[in-house]
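To start, the structure under review is shown below, and the notes come after it.
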Ligand code: AMP
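Residue numbers (the numbering used here): 346 to 895.
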């Protein structure tokens, strides 16, 4: 059985490695001889996850509870803890120092194992209601009491969901492939349909190639969504594809809807379970859809026949209370454009045939629609559809290869998107500042970072483009994510992505990325994107270079 200390020490070694090849090879040797449970947990933990994203469970431990547990475990004052956190600018390192200063050491320390940590997390996830906070602090305090400094570093980071190891999905895929001598594509495919690298690793270890091949799409467990590439213009897109199935690109939010065994489950683009926020859609599905299917589509908000801005849709997705009120305030429709399961796995069927199956599975209603799909090779016709989409308040068009399979999780050439808007950046919000005067209670500027080999590096700060309502809402969202504050400045646990526009990208030593944005402007909260889907430094560099070609 693996001790948490062995795991933490391994993490501290790979934290210093930046070569992806070496990372996957080290991880592959480390996981090779683990038993099933340890293997499952190590794979998730190393990626900074306690549960796969689609799993409803969460441990519900924020910064406040962490502080409290560290205080109780060590007897060190809140003030001292805050000073250390400020000094280290990293909760994990601060926790390590705090535990190192621990005043009392207990005599009978039970050694922490990975399995024990998992057991405690699972117990925390089950707690709710009165007294649950207190109980969580107790459990966490116990963990900290029996942990060594280095264990405290990674326990803390795990709880905050940022391991800072630079280990993303690609590295895990390669590590699993290497450990059991398997084709990386096969490992990836198993992941795309199960969304659980822990499970994939266990199957790879015990059943090898055959096991991975026989992993099947199952109802109520999400499949990664197929994505689109940007097309330069209509002519080149049509030329590239020959005959294309053209659809409106709806300005809403992606959903994958599973209906089977009397149950409806709705997953967002991030594969979070959003079923309870969308009760009217679930009801309509029960009334109008054949049971035993997985559908792919876009939810939009429509009022008086016009689509409402995309933010409203996300407001609905996030809503946890007073849902009935919201159903009236922000009415939704779903436009389905694909089907990936109808009792039979359909991902390898051509789009043409999937569309036919889609028509058979869904009866259209006021709320449920099937996206119109026109097959053409005439750029003029595409242009017409494009204008009609923009006139109706949508984003542009999608061109889809009618003969293509559904490739989960891939941004490939089979789906091309044509949008009217300029290039924006999707960046992770890592810090911010409180406003002045009347806006003193609101966060009013936000620090942004892009991904560099799985790590976050800053590229700028955005303080314009927000309405007062935006700031009120963002303050509510970001307040619980504050890791520490100093004067007006705050550092956030990285969880959300902003889409920002800018006038220009400049080279600048001001930020660690080496780039800075000139006149950045907030466009929207990309609540549908997770941190690891934000833009990379390579994209920033490419856009920077592109400026000279204009
Ligand atoms: P983007 O988010 O800009 O990469 O564009 C891809 C997204 O467009 C998808 O993830 C969907 O949420 C959305 N979308 C809107 N209409 C369609 C459509 N007809 N087919 C596929 N995706 C669509």
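Here a beta-carbon is modelled for each residue, glycine too, at the ideal position from N, C-alpha and C. All of these numbers come straight from a predicted model, not from anything done at the bench.
Original post:
In whole angstroms, what separates the C-alpha of residue 504 from that of residue 401?
Top reply: 16 Å
Original post:
Of the residues 657, 804, 513, 666, which one's Cα is nearest the Cα of residue 676?
Top reply: 657
Original post:
Do the region 371-380 and the region 488-497 touch if we need at least three Cβ pairs shorter than 8 Å?
Top reply: no
Original post:
For the region 574-603, which segments carrying the beta strand (DSSP E) assignment without a break, of at least 3 residues, lie completely within its bounds, in sequence order?
Top reply: 589-594
Original post:
By DSSP, does residue 401 sit in helix, in strand, or in coil?
Top reply: coil
**OP:** Tell me whether residue 895 sits in a helix, a strand or coil according to DSSP, three-state version.
**Re:** Confidence in residue 895 is poor, its pLDDT being 43 and thus under 50, which makes the residue's placement unreliable; the coordinate value appears in the next sentence. In this structure, residue 895 counts as coil in the three-state DSSP scheme.
Subject >> Classification of residue 786 by the beta-carbon crowding that lies within 10 angstroms, buried from 16 upward >> reply: exposed
Original post:
When the Cα atoms are used, what is the spatial distance from residue 584 to residue 696?
Top reply: Approximately 19 Å, taken between the alpha carbons.
Subject >> Straight-line gap, residue 860 to residue 796 (C-alpha atoms, nearest Å) >> reply: Distance between the alpha carbons of residue 860 and residue 796 is about 13 Å.
Subject >> Cβ pair residue 501, residue 411 closer than 8 Å >> reply: yes
**OP:** Return the residue from the list 369, 499, 348, 428 that minimises the CA-CA distance to residue 393.
**Re:** 499
**OP:** In angstroms with no decimal places, state the Cα-to-Cα distance between residue 432 and residue 416.
**Re:** Distance between the alpha carbons of residue 432 and residue 416 is about 17 Å.
**OP:** Helix, strand or coil for residue 860, going by three-state DSSP, please let me know.
**Re:** Residue 860 falls in the strand class under three-state DSSP.
Subject >> Closest by C-alpha distance to residue 617, when choosing among 632, 601, 628 >> reply: 601
Original post:
What residues in its chain sit with their C-beta under 7 Å from that of residue 519, if we drop five residues either side in the sequence?
Top reply: Around residue 519: 369, 529.
**OP:** Please confirm whether any heavy atom of the ligand AMP lies closer than 7 Å to the CB of residue 643.
**Re:** Because some heavy atom of the ligand AMP lies under 7 Å away, the Cβ of residue 643 counts as near it: yes.
Original post:
Do residue 466 and residue 592 have their CB atoms nearer than 8 Å?
Top reply: no
Original post:
Among 863, 770, 773, 842, which one has its Cα closest to the Cα of residue 848?
Top reply: 863
Subject >> C-alpha distance - residue 420 paired with residue 447, whole-angstrom precision >> reply: 7 Å
Original post:
Do residue 568 and residue 611 come within 8 Å of each other at the CB atom, strictly closer than that value?
Top reply: The Cβ atoms of residue 611 and residue 568 do not sit closer than 8 Å to each other.
Original post:
Can you give the beta carbon distance from residue 557 to residue 547, rounded, assuming they're within the 8 Å contact cut?
Top reply: Not really, about 11 Å apart at Cβ, beyond 8 Å.
Original post:
Is there contact here, the region 841-856 with the region 867-878, by at least three beta-carbon pairs under 8 Å?
Top reply: yes
Subject >> Boundaries (first-last residue) of the alpha helix (DSSP H) holding residue 357 >> reply: Annotation for residue 357: the continuous alpha helix (DSSP H) segment containing it runs 349-359.
Original post:
Looking at residue 469 and residue 457, is the spacing between their C-beta atoms short of 8 Å?
Top reply: For residue 457 and residue 469, no; Cβs fall outside 8 Å.
Subject >> Euclidean distance between Cα positions of residue 388 and residue 704 >> reply: 40 Å
**OP:** Assuming residue 724 contacts residue 541 (C-beta within less than 8 Å), just tell me the rounded distance between them.
**Re:** At roughly 43 Å, the Cβ-Cβ gap does not stay under 8 Å, so residue 724 and residue 541 are not in contact.
Original post:
What do you reckon, are the CB atoms on residue 778 and residue 833 nearer than 8 Å?
Top reply: The answer is yes: Cβ separation under 8 Å.
Original post:
What span of residues does the alpha helix (DSSP H) with residue 537 cover, start to end?
Top reply: 529-539
Original post:
How about residue 839 and residue 876: do their beta carbons lie closer than 8 Å?
Top reply: yes
**OP:** Within its chain, find whatever has a CB closer than 7 Å to the CB of residue 608; leave out the 5 residues flanking it on each side and keep chain order.
**Re:** Within the same chain, residue 608 has close Cβ partners 565.
**OP:** Examine the ligand AMP and report whether any of its heavy atoms sits within less than 7 Å of the Cβ of residue 616.
**Re:** no
**OP:** Assign residue 499 to one of three DSSP states: helix, strand, or coil.
**Re:** helix
Original post:
Using the rule of at least 16 other Cβ atoms within 10 Å of the residue's Cβ for burial, across every protein chain shown, is residue 654 buried or exposed?
Top reply: exposed
Original post:
Would you say residue 570 touches the ligand AMP, meaning its beta carbon is less than 7 Å from a heavy atom?
Top reply: For the ligand AMP, a non-hydrogen atom lies closer than 7 Å to the CB of residue 570.
Subject >> residue 858 versus residue 737: straight-line alpha-carbon distance, rounded >> reply: Computed Cα separation, rounded: 40 Å.
Subject >> Cβ-heavy atom distance, residue 346 to the ligand AMP, below 7 Å >> reply: no
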